[in-house]
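Residue numbers (my numbering): 56 to 142.
For each residue, glycine too, the CB sits at the ideal point set by N, CA and C.
Here's the structure, in structure tokens; my notes come after.
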Amino acid sequence: MRNQGPNRILDEFARVMTDAAGAAQGARREAETFFRAQGERVMSQMDLVQREEFEAVREMAVKARTENEALKARIAALEAKLNGSST
Numbered sequence: 056m057r058n059q060g061p062n063r064i065l066d067e068f069a070r071v072m073t074d075a076a077g078a079a080q081g082a083r084r085e086a087e088t089f090f091r092a093q094g095e096r097v098m099s100q101m102d103l104v105q106r107e108e109f110e111a112v113r114e115m116a117v118k119a120r121t122e123n124e125a126l127k128a129r130i131a132a133l134e135a136k137l138n139g140s141s142t
């Protein structure tokens with residue numbers, strides 16, 4: 056019967072540690088959920104754009120700049136043509 060005493064204590068200790076680890080994991084998940092929700096709330100209040108929206112607007116700006124440069128070149132060619140025919 057003496058051998059059962061230390062084994063029983065070790066078994067109880069292992070059970071308590073397993074329960075504590077499970078509780079710690081649960082607390083960690085709750086903390087992650089809380090901080091994620093708080094972070095999203097703060098970011099939504101900061102009026103930030105999402106990366107996809109930023110990339111779409113950036114693409115539109117690059118396209119507009121390219122078209123603007125092409126139009127500038129076209130206007131310069133037309134002006135040169137007009138100036139060449141009027142002299």
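According to DSSP, simplified to helix, strand and coil, what is residue i?
i    : result
Q80  : helix
M101 : coil
Of all the CB atoms in chain D, is at least one closer than 8 angstroms to the CB of residue i?
i    : result
M101 : This model lacks chain D altogether, as it is built from one protein chain only.
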